[in-house]
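Residue numbers (the working numbering), protein chains in the order written: chain F, 9 to 307; chain E, 4 to 449. Backbone N, C-alpha and C fix where the C-beta goes; we use that ideal spot for every residue, glycine too. Being a predicted model, the structure only gives us computed values, none of them experimental. Okay, structure first, notes after.
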């Protein structure tokens, strides 16, 4: 299997993508959304042409609500972000936006989240992430329980966990780039997408490793002499069609969700799409060669 | 073999029936089984109030929150929205106790008015029945119509000095021990009350709370003492709550609005349309791919994917699942993943064919050998969905529910229904059959 033969190439490629993503996450980062820090978001759309941003900025600045941002959305709309607003402040902004003759905007959505709820969601999200990670590590441990022949089970486990880290970092890095282009913020949907990726991509790795173990066993029983390298390569060639095809169908629907699914879930679909592709890539081109490499080093 | 083919036909027949149910229940206006959409899709307001229970005895928190819920519900019901939701949320996260009140108002996008009306103090009014109107005996009139029968007197809770709870001694009312709310007016109120009762002897002076009539006593004579009784057939608890509300003017527990979410109806319906559109195109791509790559088994997988979708939509209607944008995304994602199990099975079947098995043996062995990997690969997704469901905000719950349900149901359809269909399409072990079971643009020869 060429993946095993050219494992150095794939290690370098994976490491590069990983480091670029990590650099993006640490160096650039993503603005935290109102879900997690509290704040308000107001989306309006104008019936005809929308007024200039500068005009609206000037008006809103007259209110004592501190910093805010205005961003264009669609053809005739704006999204305004501020700190959490009370109802009076909300009405005051709406009044300022509707001052122009014959240009009354429609309020498409308004969300204000107090800092308490933001804090609470942040805690909850952290707990959920930790729980999912724990559950998946336990699941990996369970999947590789009691296999000690030839290759000890903790090696499979370690490689699976390293692969998971990769599967989380790559979509996060892609989200940094996406956020720079679109202004998307780190919100609950993003966290949800990451957790769904964790649950999804661990399978690919496990399916391949299962095959490796099965083949090792068959070789042992039938006294076939084969190196670990060859066995992993053989297992890969038996499973790669399945791996690629299953993520292909998932990627199809996610791509459509991303392109056609509407603005509310565009970012969500994007993160999932990158995650599914990264998850499949890492199981085939990274996890398997890494397993060979770790095993080879010890011999 | 014919048994299995008949079974396959029965499944197709049932699925078609369910499909009709899904379709008809959506197009008929009088149907009780329409999809229920979350506020982010149908438009409306979602308000979260923090209730300050810190001054209460922990044992009283439950009761006070229930009282609060009742009061707010009464006010919300006056909006005339269909299916408003008022619920208490208790919970502690990481040690900090919290009590919340969640109010959902479908279709209400003027959140300003809603907030004002929920937060207002109870309004006690004394109103006279208009002269030319006979008091309606039956409760057949709406609250609004009823209110139009009365004219305001200017006497309201603003002129109230205090309210207290008494129990009737049987001399005024027929019942002994009937709880009565005794109202004492301020001096200004007492004067107004005296003049109203003096000028309108014989008329009905009704007492309204938040626009709802509590009791309709007939004025017998001028009342100069500045006190009035409300005896509206209360239970002692109701009377006690009323006294408290009147005295403190406010709600049983002080509340503070901490989060508001309003979605206009147009944005929501747009989101549904684009979600459905994305799902259709995605489904079409999956179908094309499966049929081109896996041929006959691919076609079978598409059939059971269709059954899966119909079952899911039926569940959405019957449970019922409140669909949000994220929930629809979860469902569409599950369509892509539902094929996962079938692909595993088909690859195993191909392995068996390569080893020289007959088509029907390969099908049987393929299903048998694929079960363990299918089970394992779904467990981790189900675990994730479970944890996400616990996460608990409506947005996340919607996704976790459709996604988790999808993984479970698709596991069922991919194994059982695909199996029945697959068995019923295997006719022989001929070259043509092997071609139809081939994939990757090749035929697995014997």
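Can you give me the C-alpha to C-alpha distance between residue i and residue j, rounded to a whole angstrom?
i	j	result
residue 285 of chain E	residue 211 of chain E	57 Å
residue 149 of chain F	residue 34 of chain E	50 Å
residue 203 of chain F	residue 34 of chain F	20 Å
residue 161 of chain F	residue 269 of chain F	42 Å
residue 290 of chain E	residue 284 of chain F	19 Å
residue 246 of chain F	residue 175 of chain F	23 Å
residue 12 of chain E	residue 44 of chain E	37 Å
residue 365 of chain E	residue 14 of chain F	35 Å
residue 87 of chain E	residue 73 of chain E	13 Å
residue 108 of chain E	residue 50 of chain E	8 Å
residue 154 of chain E	residue 84 of chain E	26 Å
residue 63 of chain F	residue 93 of chain F	21 Å
residue 106 of chain E	residue 85 of chain F	28 Å
residue 25 of chain F	residue 185 of chain F	13 Å
residue 136 of chain F	residue 211 of chain F	20 Å
residue 348 of chain E	residue 193 of chain F	40 Å
residue 116 of chain F	residue 266 of chain E	6 Å
Taking 6 Å as the limit between beta carbons, can you name the residues of its chain near residue i, skipping five residues before and five after?
i	result
residue 381 of chain E	410, 414
residue 432 of chain E	361, 362
residue 77 of chain F	89
residue 87 of chain F	51, 79, 81
residue 298 of chain F	167
Quick check on residue i - is its C-beta less than 9 Å from some C-beta in chain E?
i	result
residue 128 of chain F	yes
residue 289 of chain F	no
residue 246 of chain F	yes
residue 88 of chain F	no
residue 79 of chain F	no
residue 147 of chain F	yes
residue 66 of chain F	no
residue 196 of chain F	yes
residue 200 of chain F	yes
residue 151 of chain F	yes
Judging by CA-CA distance, which residue of the options is the nearest neighbour of residue i?
i	options	result
residue 272 of chain E	E:129, E:299, E:242, E:328	E:328
residue 99 of chain F	E:289, E:102, E:88, E:115	E:115
residue 277 of chain F	F:124, F:144, F:183	F:183
residue 54 of chain F	F:107, F:16, F:195, F:13	F:107
residue 308 of chain F	F:300, F:185, F:208	With chain F covering only 9 through 307, there is no way to say anything about residue 308 of chain F.
residue 331 of chain E	E:315, E:342, E:321	E:315
residue 301 of chain E	E:93, E:107, E:399, E:425	E:425
residue 141 of chain F	E:340, E:93, E:388, E:134	E:388
residue 213 of chain F	F:200, F:171, F:103	F:171
residue 183 of chain E	E:438, E:167, E:7	E:167
residue 127 of chain F	F:249, F:41, F:230, F:233	F:41
residue 45 of chain F	F:131, F:188, F:179	F:131
residue 417 of chain E	E:439, E:386, E:378	E:378
residue 129 of chain E	E:351, E:162, E:120	E:162
residue 177 of chain F	F:225, F:32, F:19, F:221	F:32
Leaving out the 5 sequence neighbours to the left and right, which residues in its chain are closer than 7 Å to residue i when beta-carbon positions are compared?
i	result
residue 187 of chain E	164, 165, 229, 230
residue 274 of chain F	266
Distance cutoff 9 Å, beta carbons only. Does residue i sit that close to anything in chain F?
i	result
residue 409 of chain E	no
residue 393 of chain E	yes
residue 361 of chain E	no
residue 296 of chain E	yes
residue 376 of chain E	yes
residue 97 of chain E	Bear in mind that a pLDDT of 49 at residue 97 of chain E, under 50, signals an unreliable position, so the number given afterwards is only what the model happens to contain. Residue 97 of chain E counts as touching chain F.
residue 346 of chain E	yes
residue 365 of chain E	no
residue 253 of chain E	Note that residue 253 of chain E scores 48 on pLDDT, short of 50, meaning its location in the model is unreliable and no value can be drawn from it.
residue 101 of chain E	yes
residue 379 of chain E	yes
Which residues, taken in chain order from the region 98-125 of chain F, show a beta carbon closer than 9 Å to some beta carbon of chain E?
98, 99, 102, 114, 115, 116, 117, 118, 119, 120, 121, 122, 123, 124, 125
Any residues in the region 41-62 of chain E with a beta carbon nearer than 8 Å to a beta carbon of chain F? Which ones, in chain order?
43, 51, 53
Identify each residue in the region 35-47 of chain F for which the Cβ-Cβ distance to at least one residue of chain E is less than 7 Å, and report them in chain order.
none
The region 317-344 of chain E: which residues have C-beta closer than 7 Å to a C-beta of chain F, in chain order?
328, 329, 332, 335, 336, 338, 339, 340, 342, 343
Near-chain F residues of the region 104-134 of chain E (beta-carbon distance less than 8 Å), N- to C-terminal order
112, 114, 115, 118, 119
Taking Cβ-Cβ distances below 7 Å as the criterion, which residues of the region 202-234 of chain F are in contact with chain E?
203, 204, 206, 207, 208, 210, 211, 214, 215, 218
Anything in the region 279-292 of chain E with a Cβ closer than 8 Å to a Cβ of chain F? List those residues in chain order, please.
280, 281, 282, 284, 285, 286, 288, 289, 292
Residues of the region 263-293 of chain F whose Cβ lies closer than 9 Å to any Cβ of chain E, in chain order:
263, 264, 265, 266, 267, 268, 269, 270, 271, 272, 273, 276, 277, 280, 284
Name, going along the chain, the residues of the region 249-261 of chain F whose beta-carbon falls closer than 7 Å to a beta-carbon of chain E.
249, 250, 253, 254, 256, 257, 258, 260, 261
The region 131-143 of chain F: which residues have C-beta closer than 7 Å to a C-beta of chain E, in chain order?
131, 132, 136, 139, 140, 143
Listed from N- to C-terminal order along the chain, which residues in the region 68-82 of chain E have their beta-carbon within a distance smaller than 8 Å of any beta-carbon of chain F?
none
Chain-ordered residues of the region 253-274 of chain E with a beta carbon less than 8 Å from chain F
260, 261, 262, 263, 264, 265, 266, 267, 269, 270, 273, 274
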